[in-house]
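Below is one structure, written out as structure tokens, with a few remarks after it.
In our numbering, the protein residues as written are 14 to 73.
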């Protein structure tokens, strides 16, 4: 799941929650902890930063 902005503890928690909610409505089961990925340097403007949160999945 993609998102922009600074990756703070609150932003991580919110994105993890959104991803978990989206997956609970599907047949997929979360099979691991969330992984956060940031692709831009720290001096990049926050609204231009590309970040992602992902989890390992297993089908039910």
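Every residue gets a Cβ at the ideal spot worked out from N, C-alpha and C, and that includes glycine.
Source: prediction; values computed, not measured.
Please state whether the Cβ-Cβ distance between residue 49 and residue 25 is less than 9 angstroms.
It is a contact, given that the beta carbons lie within the stated cut-off.
Where residue 56 and residue 62 are concerned, what is the direct C-alpha to C-alpha distance, given to the nearest angstrom?
Between residue 56 and residue 62, the C-alpha separation is close to 10 angstroms.
If residue 66 sits next to residue 28, beta carbons under 8 angstroms apart, how far is it from one beta carbon to the other, in whole angstroms?
So it is a contact: roughly 4 angstroms between Cβ atoms.
What would DSSP say about residue 49, mapped onto helix, strand or coil?
Looking at residue 49 - three-state DSSP - the assignment turns out to be strand.
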